[in-house]
Amino acid sequence: MLALTDTWVVVQVLTDGYYLDEVALHRLQDLERVSKDPVPDFTRRVVDGLGVPVATFDAAPDATLTTLLRQIAERGELVMLDKRVAPDYVQVEVGNILSVGKKHLVLHAIAGDGTWAAGPGRRALARIERVSFGGRYLAAIQRFGHPTPPRSTGTSPPDPHP
Numbered sequence: 001m002l003a004l005t006d007t008w009v010v011v012q013v014l015t016d017g018y019y020l021d022e023v024a025l026h027r028l029q030d031l032e033r034v035s036k037d038p039v040p041d042f043t044r045r046v047v048d049g050l051g052v053p054v055a056t057f058d059a060a061p062d063a064t065l066t067t068l069l070r071q072i073a074e075r076g077e078l079v080m081l082d083k084r085v086a087p088d089y090v091q092v093e094v095g096n097i098l099s100v101g102k103k104h105l106v107l108h109a110i111a112g113d114g115t116w117a118a119g120p121g122r123r124a125l126a127r128i129e130r131v132s133f134g135g136r137y138l139a140a141i142q143r144f145g146h147p148t149p150p151r152s153t154g155t156s157p158p159d160p161h162p
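Using this note's numbering, read the sequence shown as starting at 1 and increasing by one per residue.
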C-alpha cells in the first residue's frame, strides 16, 4: 500500500505474480476483502531482485478524489478511469487529465489504437470507481500512440454518461 485516505486506498499492482506495474486508486467502499500475501518475504525478494522501483504516491488522510486527481494530473501521465455508467457496466477510459474541479474533470481521451479524441470532454467524478496510472499498458499507448495534442481545457464533446 502506498497511501490510505478516508475514502481511497492507493496501491502498486503486481502483475503475473511479481512484476510491479501501475499505481491504482480504489474506492474503499468497493473493497470487500484484502488477501494476505502467503509468502511476503519471498515476494519482497523477487520484487527487489527484478529491479523495478516501488512507486511513491503521498496522500493526506483527508485527501479527496479531486485532490488525488490533481496530484496525478501534475505528473502529466496518461490515466485510466473506471467509471460506473450502469449498475452492471463499468466504462474504462484512458487519457490525459487537463483540469479537475469539485464535481468534474476534463479529460482528453485516447483510444486503444493510439488515436486521440477530437477534443477534451468533461467527466463526472461521482462515477469514478478506480483510477490508475503508470504501468506497461499505459506506457505502450503513450509511446506508440499518436503524439499528444496541445493542452487545452476547452471541452467538447460532453460526457456521454454524466
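Virtual Cβ for every residue (Gly too), placed ideally from N, Cα, C.
Margin query: Give me the DSSP bridge partner(s) of Asp82.
Written below: Answer is Val92, Arg130.
Next item on the list: Could you tell me the boundaries of the alpha helix (DSSP H) in which Val9 lies?
Entry: Counted as a single uninterrupted DSSP element, the stretch harbouring Val9 is not any alpha helix (DSSP H) but the beta strand (DSSP E) occupying residues 8-15.
Margin query: Quick check: what's the CA-CA separation for Arg136 versus Glu93?
Written below: Spanning the two alpha carbons is a distance of roughly 16 Å.
Item checked: Cβ distance (whole Å) where Leu65 is taken to contact Ile141 below 8 Å -> Wrong, their Cβ atoms sit about 23 Å apart, outside the cutoff.
Next item on the list: Would you check if the distance between the CB atom of Asn96 and the CB atom of His104 is smaller than 8 Å?
Entry: Asn96 is not a Cβ neighbour of His104, given a cutoff of 8 Å.
Check: Distance, Cα to Cα, Gly76 vs Gly112?
Finding: 19 Å
Next item on the list: Kindly list the residues whose CB is nearer than 7 Å to the CB of Phe144, restricted to its own chain and excluding five residues on each side of it in sequence; keep chain order.
Entry: Gly114
Next item on the list: Label Val23 either buried or exposed according to how many other C-beta atoms from any shown protein chain fall within 10 Å of its C-beta, with 16 as the threshold for buried.
Entry: buried
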